[in-house]
Amino acid sequence: MRWLKNRDTLYGFLVILPSLVLLGIFVYVFIFQTFYTSLTDWGRDPAQALALDPQLRFIGLDNYRELFTGFVDVRFRQTLVNAFFFTIFFILGSLLVGLGLAMVLDRSPRGEGFFRTIFLFPMSLSFIVTGTIWRWMLQPEGGVNRLPTLVGLPEGEFAWLTSREQIWQVSWNDLPFITALVVGAILIFIAIAAFRGSENRRAWIATGSAALLLLWAFTLGRNLQPLPYDEMHGFNLAFIGIILAAIWQMSGYTMALYLAGLRGIPEELREAARVDGASDWQLYRRVILPLLAPITLSAMIILGHISLKIFDLIFAMAGADNAPTDVPALLMFITTFRANQFAEGAAIGTILLLLVAIVIVPYLYSQLKSEVRR
Amino acid sequence: MRKFFLALVAAALGSLALAQSGRLEIFSWWAGDEGPALEALINLYKQRHPNVTVENATVTGGAGVNARAVLKTRMLGGDPPDSFQIHAGQALISTWVVADRMEDLTPLFTQEGWMNRFPRGLLDMISYRGRIYSVPVNIHRSNVMWFVPSRLREWGVQPPRTWAEFLTVCRTLQGRGLEAPLALGENWTQQHLWESVALGVLGAADYANLWNGRLRFNDPKVIEVWNTFGRVLDCANRDAAGLSWQHAVDRVLEGRAAFNIMGDWAAGYMTTTKRLRPGEGFGWAPSPGTAGVFMMLSDSFGLPKGVKNRANAVNWLRLLGSREGQDTFNPLKGSIPARTDGDPARYNAYLQSAMRDWRTNRIVGSLVHGAVAPEAFQSQFGTVLEIFLSARNAQAAGNAAQAIATQVRLGQ
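As given, the protein sequences belong to chains A and B, one line each in that order.
So for the first sequence, numbering that gives the first Met the number 0 puts the first residue at 0; every next one is plus one.
So for the second sequence, numbering that gives the first Met the number 0 puts the first residue at 0; every next one is plus one.
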């Protein structure tokens, strides 16, 4: 209790106490309650689902088992795959477009302020507005599909938001194996990088884990079959339209981040590189891009958690019932408030939280660590 | 401060003096086109009970998709509205009645002499263990096929009476260059088509057996429904998933399709919005294979347990069930009264024909519109449709439907 003797600390503590309590109740208690709900059978018995005082039974991880291996929960598994592809393409697209725009604006063209505002503007809209505008443009007989007729080409026929076509199909049963291969490859990459940087301890740990993982993948992992039959999941082409709209909205934001980063690079560095005879390409590749790496990381984290949680954009663009563009958050809403399967909905919510945590927690960890170091 | 207390005392005395004062909160999803119809009912209520302040709480969203979610959070939070709109049948019973949240309205029905005013089939549908739990306000018919008579004459085809005939007509029209003879819209309209196909293929008795658990979804007869459904889909436009039901009706009116299967709110759309005369601008027939059967859905109001203004809510229900209430509401809503003694003079040609059928036909309930299956089944039926559409595999769809039926204890 020594720290209480310092009056400033005491006052400081008292000032933040209310928000600590509120945060504790309205965030952490509710997270815990949702997690607990996901371990019960709330919703399976219609007589208890909406009773004033529902009697819930504890059933352990049964809801999770159902979601990942149940016959009728194929839709949930597809939403996970959808969220995965959406996240990848959305982040890649936003980063590339944002970086491109930032590099163009960095050369201080005429009207830079005007264009900067234009590019940043979509970010000020809500996803609902973006979704509504893009829904109109992507109608099967409107907007984008009519564009080719302006230059005399035949009208486009692609069903932007409702196409049922799927590419890159993978059986759900192969996913544990493939995941192990990918993670193993990343670990090997880390190991090689560490050897080069002569961080031997780190390199050996990475090599060891990679070897263990790959050994597991090729022996036991091959036999791990969540489903008794092959169930194909792939990238729904209907997501292309959603990805376009999302990139349109968020690339201005990454542009602003990158632009700030580019402006933060001292002119002396560029000049020094030029004096050393670096071409433009080498300047970007060897000097500027490495300096932008921390910005790329922050942008990826921010975009990543937006894309995993995405709900409003798709709700406005395609509706909650359009299965080809379903994502976990939408399915959670339908499962909970339409089908009254509260426990199953809570399980989907918990899985979403875990996915976002995978993205956020390492970032927070590294941020906190570097702050302490400072 | 003294003024405040005086006002408080006055208010307290006032509420004692007038038994029928206070408030009444009505919760519904009638906001858009149906707004005026609800408004007319509320005005009628205000005439009869001038001292009651009516709060009209609406949550927009077709078929109450959003309203029902809001209602659930309110009910779970212990704040029930005085009376709420709900689809008559299982949407009410398997969600609210089995959870013991609704008051038994059987005494109201006997007291008002309504037992003989509503058809038996309808009363069965809104009852649970012999007690009645909601007052049906209107009736819509789900199994109707719409077309433009002059165009059919031009093409030289008759409205088909069975699904086999329908497929023949479809091929004839496709041969004449009409790419998609059936106009279809987004997800739920496809489920809507499915229930008409199921009724046509199975017949009324077996269709009813699906919902009481006597006929299983993986039975060969039901698999045949999916097969027929697949062939019918081949007659439909491929951009269906992006169209609303109004768009689909428009395609028929524009001559880009010959038929559309939709509930009879389509008649309201065509008469009110499109200003067409029933019978001339558009024609109708029972969907193929369902002549003599009336697949109904109905909006009804119930009385939740523990409401704040119970007496006012009961008066509201009394008005809804009365002949005057129903004949005020329904011509504006474009539906027919649930009572069999409505005044035909107040309804248009389509609705008059629907009223005749309502009195004479066999009555079955709609799946998509909450009459025959619990919400848990109804909302997961979209997944079943998805499983069918992704691979056109009838057996897989049947198995999935049965799995869900077992999971939600359908018909038990």
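Cβ coordinates follow ideal geometry from the N, Cα and C atoms, glycine included.
Model, not experiment: these values are computed from the prediction.
Considering only DSSP beta bridges, list what residue i is partnered with.
i        : result
Glu54/B  : Glu24/B
Pro303/B : Met101/B
Tyr127/B : Arg130/B
His232/A : Val169/A
Gly282/B : Phe146/B
Ile335/B : Ile138/B
Pro158/B : In the DSSP output, where bridge partners are listed per residue, Pro158/B has none listed.
Give a yes or no on whether 8 Å exceeds the smallest Cβ distance from residue i to chain A.
i        : result
Met295/B : no
Trp187/B : yes
Gly202/B : no
Met261/B : no
Pro373/B : yes
Lys71/B  : yes
Thr382/B : yes
Arg408/B : yes
Met0/B   : Here the model assigns Met0/B a pLDDT of 46, short of 50, so the residue's position is not dependable, and the following value carries that caveat. Output row for Met0/B: interface = no.
Trp95/B  : yes
Gly241/B : yes
Ile41/B  : no
Which residues bound the alpha helix (DSSP H) around residue i?
i        : result
His246/B : Trp244 to Glu253
Trp225/B : Pro219 to Leu232
Gln77/A  : Val73 to Asp105
Gly212/B : Note, Gly212/B: premise wrong, no alpha helix (DSSP H); not H, not E.
Ile191/A : Leu174 to Arg195
Phe293/B : Where Phe293/B is concerned, there is no enclosing alpha helix (DSSP H), although the beta strand (DSSP E) it sits in stretches over Val292 to Leu296.
Leu137/A : Segment: none, Leu137/A is in no alpha helix (DSSP H) and carries neither H nor E.
Starting from residue i, trace the beta strand (DSSP E) in both directions and tell me its first and last residue.
i        : result
Asn314/B : Element bounds for Asn314/B: not the beta strand (DSSP E) but the alpha helix (DSSP H), Arg309 to Gly320.
Ile313/A : Ile313/A -> not in any beta strand (DSSP E); alpha helix (DSSP H) instead, spanning Asp311 to Ala317.
His86/B  : Ser82 to His86
Ala361/B : A small fix is needed here, since residue 361/B is Arg in this sequence, not Ala. Looking at the DSSP string, the run of the beta strand (DSSP E) that includes Arg361/B is Arg361 to Gly364.
Trp247/A : Not the beta strand (DSSP E): Trp247/A falls in the alpha helix (DSSP H), residues Phe238 to Gly263.
His139/B : Asn137 to Arg140
Ile260/B : Phe258 to Ile260
Phe380/B : Where Phe380/B is concerned, there is no enclosing beta strand (DSSP E), although the alpha helix (DSSP H) it sits in stretches over Glu374 to Ala390.
What separation, rounded to the nearest whole angstrom, lies between the Cα atoms of residue i and residue j?
i        : j        : result
Phe314/A : Thr129/A : 11 Å
Ala404/B : Gly112/B : 37 Å
Val196/B : Ala298/A : 51 Å
Glu228/A : Val224/B : Correcting the residue type first, residue 228/A is Tyr in the shown sequence and not Glu. Roughly 25 Å between the two C-alpha positions.
Thr206/A : Arg200/A : 10 Å
Gly202/B : Phe88/A  : 49 Å
Leu60/A  : Leu38/A  : 6 Å
Phe387/B : Asp173/A : 23 Å
Gln224/A : Thr218/A : 13 Å
Phe83/B  : Leu331/B : 20 Å
Pro175/A : Glu65/A  : 17 Å
Trp171/A : Ile177/A : 10 Å
Ile166/A : Phe57/A  : 40 Å
Gly142/A : Pro323/A : 21 Å
Glu455/A : Glu38/B  : Residue 455/A is absent from the structure shown; chain A starts at 0 and stops at 373.
Phe126/A : Leu329/A : 14 Å
Ala266/B : Arg221/A : 58 Å
Is there at least one Cβ from chain B nearer than 8 Å to residue i's Cβ?
i        : result
Leu160/A : yes
Asn402/A : Nothing can be reported for residue 402/A, as the shown portion of chain A is limited to 0 through 373.
Ser340/A : The sequence given here places Gln at residue 340/A; Ser does not occur at that position. Yes, Gln340/A lies at the interface with chain B (some Cβ there is under 8 Å from its Cβ).
Ala271/A : no
Val73/A  : yes
Ile333/A : yes
Leu146/A : no
Gln168/A : no
Leu51/A  : yes
Pro327/A : no
Pro121/A : no
Pro64/A  : It is Arg, not Pro, that sits at residue 64/A in the sequence shown. No, no contact with chain B.
Quick one: is residue i near chain D, going by C-beta distance under 8 Å?
i       : result
Leu21/A : Although the question refers to chain D, the structure presented lacks it and instead comprises the protein chains A and B.
Stretch pair the stretch 42 to 60 of chain A + the stretch 82 to 97 of chain B: three plus CB contacts closer than 8 Å: yes
Touching by the beta-carbon criterion (3+ pairs, under 8 Å), the stretch 37 to 52 of chain B and the stretch 310 to 329 of chain B: yes
The stretch 270 to 279 of chain A / the stretch 335 to 345 of chain A touching (three or more Cβ pairs under 8 Å): no
Three or more C-beta pairs below 8 Å linking the stretch 367 to 378 of chain B and the stretch 171 to 180 of chain B: Contact between the stretch 367 to 378 of chain B and the stretch 171 to 180 of chain B is absent, because fewer than three Cβ pairs lie under 8 Å.
The stretch 308 to 322 of chain B touching the stretch 46 to 60 of chain B, judged by at least three CB pairs closer than 8 Å: The stretch 308 to 322 of chain B, when compared against the stretch 46 to 60 of chain B, does touch it at the 8 Å Cβ threshold.
At least three beta-carbon pairs within less than 8 Å, the stretch 106 to 125 of chain A to the stretch 242 to 253 of chain A: yes
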